[in-house]
Amino acid sequence: MPDPTPTKPYLLRALYEWCVDNGYSPYIAVVTDASTHVPPEYVKNGEIVLNIGPLATSRLKIGNEAIVFSARFGGIARDINIPVSRVAAIYARENGQGMSFEVESGVPAAEKGEPARGAPQPTGDPSERPEPPTPPPAGRPTLRRIK
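Using the numbering used here, read the sequence shown as starting at 21 and increasing by one per residue.
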């Protein structure tokens with residue numbers, strides 16, 4: 021019998037809906053690595069916190085493998101692709117209620133030579149690509165409330 025589908029993407033979708041239904045702003049905390057496609061200038065200490073509410077994003081899809089959407093950063097539209105395995109928490113900005121998750125450690129699929137499903141494929145000469153960000157320190161993820 022095959023392994024069951026992980027519960028994490030289902031919990032992310034449920035908490036996202038709960039936030040939206042109650043008029044809260046859903047935020048996700050992401051531990052970045054080479055498999056996350058986010059604006060690097062907004063990454064601090066290997067982490068980024070993103071508003072994924074309906075007013076902040078367009079074409080949001082919370083799939084079983086990745087969270088994909090488009091958002092504006094400094095007035096510039098960017099396509100975002102985050103593997104579900106890299107999400108450390110989802111919570112309502114207004115009251116901090118939500119859930120934190122263990123971020124899977126180990127070598128991400130992109131570093132194994134296997135691109136994440138739905139992830140954009142790198143193009144061009146490998147020597148022209150920017151260096152991937154350094155991985156965050158090992159340990160338990162922490163949830164910080166951002167005001």
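All residues carry an ideal CB built from backbone N, CA and C; glycine is no exception.
In the three-state reduction of the DSSP assignment, S90 falls in the strand class, which pools E and B. Taking 8 Å as the cut-off, the Cβ atoms of S105 and D99 do not count as close.
Between P46 and I110 a beta carbon distance of about 6 Å is seen, short of the 8 Å cut, so the two are scored as contacting.
Annotation note: the region 39-127 contains the following uninterrupted beta strand (DSSP E) runs of length 3 or greater, listed N- to C-terminal: 46-51, 67-71, 77-82, 86-93, 96-103, 107-112, 118-120. Take the alpha-carbon of W38 and the one of A112: they are about 9 Å apart. Within the model, the alpha-carbon separation for G118 versus V50 is close to 14 Å.
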